[in-house]
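Peer 1: Can you keep this structure in mind? I'll have questions shortly.
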Amino acid sequence: MKIPNEVKIGIAVVLAGTVFYLGTRYFRDLPILSRAHTYYTEFVNANGLVAGNVVSINGVNVGSVSDVQLVRAGARVAFSVSEDVVITQGSTAKVGGLSFISSIQLDIVLGPADAPQHAPGDFIPAAEQVDFLGEIAERAPDILSRADTLLKNTRQALNTAETLVSDPTSDLLQTMSSVKASADALHTILLAEQRSIVAVLSDIQALAGAIMTLAQDSLAVTVDGVNVILERMEQNLASLETTTTALSDLLTKINSGQGTLGRLVTEDSLYTELHQTVSALRRILEDFEEDPRQYLRHLKLVEIF
Amino acid sequence: MNGVVLNLVRPFFSLGRFSLLLAKACGSLGDIGIYRKNMVVQMVRIGLESIPIVALAAAFSGAVTTVQTAYQLVSPIIPPKVIGAVVVPSLTMELAAVVTGFILSGRVGARIAAELGTMRVTEQIDALEAMGLNSVGYLIVPRVAAGILMFPVLYVAACLIGVAGSLLAAMLTGVVSIGEFILGAREHYDNFGPYFGLIKAFVFGFLITSISCYMGYYTEGGAEGVGRSTTRAAVMSCVFILVADFALAIVLL
C-alpha cells in the first residue's frame with residue numbers, strides 16, 4: 245500500500261512537534277507527562293539567574309526557572325516545579341551556587357511540614373540574601389594588607405638568612421664548616437676502620453643468634469614445667485571441688501536436721517537433755533571427788549564377788 | 010568605467026529583482042489551488058528525503074563536539090559534566106540549524122536551481138506564462154513554502170539525533186557518563202535555545218529555497234548558465250546562511 249505524501253508529512257510534523265515539546269521539558273527537568281505548577285518570587289539581586297536554571301529543594305532538582313524579568317524592586321522570577329512537589333507556606337527562595345564555579349540555581353527552603361500548601365501561582369518570598377562575593381570584596385583590603393605584611397616579614401627573614409650565609413664570619417657559616425669538618429673526619433675514620441667495623445658487626449650478629457637460640461631452649465623448658473604445674477593444679481582443683489561438694493551435702497543434711505549432729509543442732513529438747521545429763525554427771529563427779537568410798541563400796545560388794 | 014559601475018550596481022539590481030520576485034510570490038499565496046499539490050511533492054523532496062543525510066551529519070557533529078569539548082575543557086578543576094553543558098546548547102542553538110542549512114544548500118538549493126534553470130533555458134517557464142499560468146505561483150511558492158515548513162522538522166530531527174550521537178560518543182569513549190552529561194545539560198539549559206534554533210530553521214529554510222528559486226528562475230545562457238546558476242545557488246545560500254546566523258545572534262541574543 246502506498247502511503248500518500250500528505251500522511252507522511254503529517255506524521256513527520258507531529259513527530260517533530262512531540263520531540264520538541266518533550267525534549268524541552270526533559271532538559272528543563274520538568275515532568276514529561278504530568279503538569280507543572282508555576283510560582284513567583286522576587287530578589288533584590290538575581291545574581292545571574294536565567295531562564296532554564298535548576299530549581300532545587302533539599303538538593304533535589306524539582307523544576308526550572310521559567311522567566312527572569314527586571315522590576316523596580318529587583319528581579320521577578322517565575323519558576324516551574326512538578327505538580328506533585330508540595331511547597332508549604334513559610335517557604336523561602338534564594339539564589340544558590342557561584343557562577344564561576346558551578347551553575348546558578350534557585351533553592352527553595354521549605355516551611356513547616358504541617359503548614360498549608362501554596363497554591364499554583366503564589367508568591368514565594370525571598371530569603372535574606374548573603375552576597376558571598378561582596379563579602380569577599382569588602383574584606384579584600386584587610387586581607388591584602390595582611391598579605392603585604394606577611395610578604396615584608398618573609399623578605400626580611402630571607403635577607404637575614406642571605407646575610408648569614410654570605411658573611412664568612414657569621415656563626416652559621418662557621419658552624420656549618422665545623423659540621424663539615426666533623427663529617428669529613430668521621431668519613432675518614434669509617435674508611436680506615438671499615439674492616440674492624442665489619443668484624444664487630446659480624447660478632448654482634450653471631451652473639452645475637454646465640455642469645456636467640458638460648459632463649460628459645462630455656463623458654464621451651466620453662467613452658468614444659470609450667471604445663472606440669474598447671475596439670476597438677478587442675479587435678480587438685482578437681483579434688484577440692486569434690487570435697488567442697490561433699491561438705492556442702494553434709495551441711496545441707498545438718499541444716500535439715502538429718503543425722504545425729506543435725507538433730508543436735510536443730511532439736512532443743514535433745515540439747516536440754518544432754519545439758520541435764522552433763523550437769524548430773526558433773527554433780528556425780530563432784531560427789532565422787534568428795535567421797536569416793538561411797539561409790540567404791542557399792543561396787544565392791546555387789547559386782548566383784 | 011562602465012564595468013566598475015555595473016559591478017557596483019549589480020548587487021542592488023539583484024536585490025531589487027529578488028524583492029520583486031518575492032512580492033509576486035506573496036501575491037500568489039492566495040491561489041492555493043495552483044501550488045497545493047506541487048507543495049506537497051516539494052515538502053517530501055525537501056523535507057523527508059533529506060532526513061537521512063541530515064541525521065548522518067547531525068550524529069557526527071554531536072559526537073565530534075563531545076570528544077573535542079572533553080579534549081579542550083575537561084581538566085582536574087573542570088568537571089566532566091561541563092561537556093553536556095557545552096554540547097547540548099551548541100547543538101540546539103547553532104550546529105543543528107547551520108549544519109542542516111549547509112547540507113540543504115547543496116542538496117536542495119542546487120536541485121531547485123537546476124530544475125528551474127533548465128525549465129527557463131528550455132522555455133518551459135515561458136510556455137507556462139503563455140498559457141496564462143502564474144509561473145511564480147506554480148513553481149516558486151510551493152518550493153519556498155515547503156522549505157519554510159519542513160526545515161524546522163529537519164532541525165528537530167538534527168537536534169534529537171545530534172544529542173543521541175553525543176551520548177553515544179560519550180559512552181564509547183568514556184569521557185563522561187550519561188548521567189553527568191544530562192546533569193550538565195540540565196544545569197546550564199537555556200529555555201530560549203531551542204526556540205532560537207527553531208527561528209533559525211525558519212529563516213534558513215526561507216533563504217535556501219528563495220535564493221535557489223531566484224537563481225534558477227532567472228537563469229540565462231543555456232546549459233552553461235544552468236550550471237552557473239546551480240553553483241551560485243549553493244554558494245550564495247551558504248553565504249547568506251552565515252550572514253543570517255550572525256544577524257539573528259545579534260538581534261535575538
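Protein chains in written order, with my numbering: chain A, 245 to 549; chain B, 10 to 262.
All residues carry an ideal CB built from backbone N, CA and C; glycine is no exception.
If you're wondering where the values come from, they're calculated on a predicted model, not measured in any experiment.
1. Applying a beta-carbon distance threshold of less than 7 Å, which residues of chain B neighbour A:THR268?
2. Have a look at the DSSP bridge pairing and note the partners of B:ILE87.
3. Answer with yes or no whether the minimum CB distance from B:LEU57 to chain A is below 7 Å.
4. Going by the CB atoms, is the gap between B:GLY126 and B:GLY225 shorter than 7 Å?
5. B:ALA178 and B:THR75 - do their beta-carbons sit closer together than 7 Å?
6. Kindly indicate if chain A contains any beta-carbon less than 7 Å away from that of B:LEU113.
7. Is A:ASN297 buried or exposed, if buried means 16 or more other CB atoms sit within 10 Å of its CB?
8. Any Cβ of chain A within less than 7 Å of the Cβ of B:MET224?
9. I'd like to know whether the C-beta of A:ASN249 is nearer than 7 Å to at least one C-beta of chain B.
10. Does the beta-carbon of A:ASP386 have 16 or more other beta-carbons within 10 angstroms, so that it is buried, or is it exposed?
11. To the nearest angstrom, how far is it from the Cα of B:GLY188 to the Cα of B:ARG54?
12. So which of A:THR510, A:THR285, A:THR268 has the shortest CA-CA distance to A:GLU372?
13. When the cut-off is 7 Å and only beta carbons count, does A:ILE253 lie next to chain B?
14. Using a C-beta to C-beta distance shorter than 7 Å, which residues of chain B count as neighbours of A:GLY296?
15. If you draw a straight line from the C-alpha of B:VAL263 to the C-alpha of B:ALA173, how long is it?
16. Which bits of chain E does B:LEU169 rub up against, with CB to CB less than 8 Å?
17. Can you confirm whether the region 324-341 of chain A touches the region 301-309 of chain A when touching is taken to mean that 3 or more C-beta pairs between the two stretches lie within less than 8 Å?
18. Quick check on this structure: which residue in B:VAL244, B:SER70, B:LEU38 has the alpha carbon closest to the alpha carbon of B:GLN144?
19. Report all residues from its chain with a CB closer than 6 Å to the CB of B:GLN51; omit the five preceding and five following residues, and keep chain order.
20. Let me know if B:LYS90 comes out buried or exposed under the rule of 16 or more other beta-carbons within 10 Å of its beta-carbon.
21. Please report the straight-line C-alpha distance between A:GLN361 and A:PRO275, rounded to a whole angstrom.
22. Going along the chain, which residues of the region 94-111 of chain B sit with their C-beta nearer than 9 Å to a C-beta in chain A?
23. Mind checking if A:ALA322 is an interface residue toward chain B, Cβ cutoff 7 Å exclusive?
24. For a quick check, are the C-beta atoms of A:THR332 and A:GLY355 less than 7 Å apart?
25. Which runs of the alpha helix (DSSP H) at least 4 residues long sit entirely within the region 19-72 of chain B? Give them in chain order.
26. Using 7 Å as the limit for Cβ to Cβ distance, is A:ALA337 near chain B?
27. Distance cutoff 7 Å, beta carbons only. Does A:ASP273 sit that close to anything in chain B?
28. Measure the beta-carbon distance from B:ILE233 to A:SER347 and round it to whole angstroms, keeping in mind my assumption that it falls under 8 Å.
29. Tell me the residue span of the beta strand (DSSP E) that contains A:ARG320.
30. Mind checking if B:VAL153 is an interface residue toward chain A, Cβ cutoff 7 Å exclusive?
31. Can you confirm whether B:VAL49, when its beta carbon is compared against all beta carbons of chain A, has any partner nearer than 7 Å?
32. Quick one: is A:GLY340 buried, meaning 16 or more other Cβ sit within 10 Å of its Cβ, or exposed?
33. Step through the CB atoms of chain A and report whether any lies within less than 7 Å of the CB of B:ARG195.
34. Any idea what DSSP makes of A:GLU250, helix, strand or coil?
35. Helix, strand or coil for A:ILE352, going by three-state DSSP, please let me know.
36. Would you call A:THR262 buried or exposed, if buried means 16 or more other Cβ atoms sit within 10 Å of its Cβ?
Peer 2: So, from the listed chains and residues:
1. Here residue 268 of chain A refers to the residue found at position 24 of the first sequence. Result: PRO203.
2. The sequence position of residue 87 of chain B within the second sequence is 78, counting from 1. Bridge partners of B:ILE87: B:SER84.
3. Residue numbering aside, residue 57 of chain B sits at position 48 when the second sequence is read from its first letter. Yes, contact with chain A.
4. Start at 1 with the first residue of the second sequence, and residue 225 of chain B comes out as number 216. Start at 1 with the first residue of the second sequence, and residue 126 of chain B comes out as number 117. Contact flag set, yes.
5. Translated into the one-based positions of the second sequence, residue 75 of chain B becomes position 66. Translated into the one-based positions of the second sequence, residue 178 of chain B becomes position 169. It is a contact, given that the beta carbons lie within the stated cut-off.
6. Within the second sequence, the letter at position 104 stands for residue 113 of chain B. Not one chain A Cβ lies under 7 Å of B:LEU113.
7. For this step, residue 297 of chain A is matched to residue 53 along the first sequence. Classification for A:ASN297: buried.
8. By one-based count along the second sequence, residue 224 of chain B stands at place 215. No, its Cβ sits nowhere closer than 7 Å to a Cβ of chain A.
9. Here residue 249 of chain A corresponds to residue number 5 of the first sequence, with the count starting at 1. Interface residue, yes.
10. What you label residue 386 of chain A is simply residue 142 of the first sequence in a count that begins at 1. Counting Cβ neighbours within 10 Å, A:ASP386 comes out exposed, since fewer than 16 surround it.
11. Stepping through the second sequence from its first residue, residue 188 of chain B is reached at position 179. Stepping through the second sequence from its first residue, residue 54 of chain B is reached at position 45. Approximately 38 Å, taken between the alpha carbons.
12. Taking the first sequence and counting its residues from 1, the one referred to as residue 372 of chain A is at position 128. Among A:THR510, A:THR285, A:THR268, the Cα nearest to that of A:GLU372 is on A:THR285.
13. Position 9 of the first sequence, counted from the start, is the residue given in the question as residue 253 of chain A. Chain B, which has a Cβ nearer than 7 Å to the Cβ of A:ILE253, makes this yes.
14. As a first step, residue 296 of chain A is located in the first sequence; it is residue number 52 there, counting from the start. The contacting residues are TYR198, ASP199, ASN200.
15. This structure cannot settle anything about residue 263 of chain B, because the visible part of chain B is limited to 10 through 262.
16. In the structure shown, chain E cannot be found, because the protein chains are A and B.
17. yes
18. Taking the first residue of the second sequence as position 1, residue 144 of chain B is located at position 135. With the sequence shown as reference, residue 144 of chain B is identified as Ser, and Gln is not the correct amino acid for it. Checked all of B:VAL244, B:SER70, B:LEU38; the closest Cα to B:SER144 is B:LEU38.
19. Locating residue 51 of chain B in the second sequence gives position 42, counting from the first residue. Cβ within range, chain order: PRO151, ARG152, ALA155.
20. The count along the second sequence starts at 1 and reaches residue 90 of chain B at position 81. Per the 10 Å Cβ criterion, buried.
21. Residue numbering aside, residue 361 of chain A sits at position 117 when the first sequence is read from its first letter. Residue numbering aside, residue 275 of chain A sits at position 31 when the first sequence is read from its first letter. Taking the straight line joining both Cα atoms gives about 20 Å.
22. Close to chain A, meaning a Cβ-Cβ distance shorter than 9 Å, are the following residues of the region 94-111 of chain B: ALA94, VAL97, THR101.
23. Taking the first residue of the first sequence as 1, we reach residue 322 of chain A at position 78. So, not an interface residue.
24. The residue labelled residue 332 of chain A in the question sits at position 88 within the first sequence. The residue labelled residue 355 of chain A in the question sits at position 111 within the first sequence. Result yes, Cβ atoms of A:THR332 and A:GLY355 sit closer than 7 Å.
25. 41-55
26. To locate residue 337 of chain A, count along the first sequence from 1; it is residue 93. No, because no Cβ of chain B sits closer than 7 Å to the Cβ of A:ALA337.
27. On the first sequence, residue 273 of chain A is found 29 positions in, with the first residue counted as 1. With respect to chain B, the C-beta atom of A:ASP273 has a partner C-beta closer than 7 Å.
28. As a working note, residue 233 of chain B is residue 224 in the second sequence. As a working note, residue 347 of chain A is residue 103 in the first sequence. One point to set straight first is that residue 233 of chain B is Glu, not Ile, in the sequence displayed. Not quite, the Cβ-Cβ distance comes to about 57 Å (not below 8 Å), so this is no contact.
29. Reading the first sequence from its first residue, position 76 is the one you call residue 320 of chain A. Counting along the chain, the beta strand (DSSP E) containing A:ARG320 begins and ends at 318-326.
30. Here residue 153 of chain B refers to the residue found at position 144 when the second sequence is read from its first residue. Output row for B:VAL153: interface = no.
31. Mapped onto the second sequence, residue 49 of chain B falls at position 40. Closer than 7 Å: yes.
32. One-based indexing of the first sequence puts residue 340 of chain A at position 96. So A:GLY340 ends up on the buried side.
33. For this step, residue 195 of chain B is matched to residue 186 along the second sequence. Output row for B:ARG195: interface = yes.
34. The count along the first sequence starts at 1 and reaches residue 250 of chain A at position 6. In this structure, A:GLU250 counts as helix in the three-state DSSP scheme.
35. For the purposes of this step, residue 352 of chain A is identified with residue 108 of the first sequence, where counting begins at 1. The DSSP-derived three-state label of A:ILE352 is strand.
36. Locating residue 262 of chain A in the first sequence gives position 18, where the first residue counts as 1. It counts as exposed.
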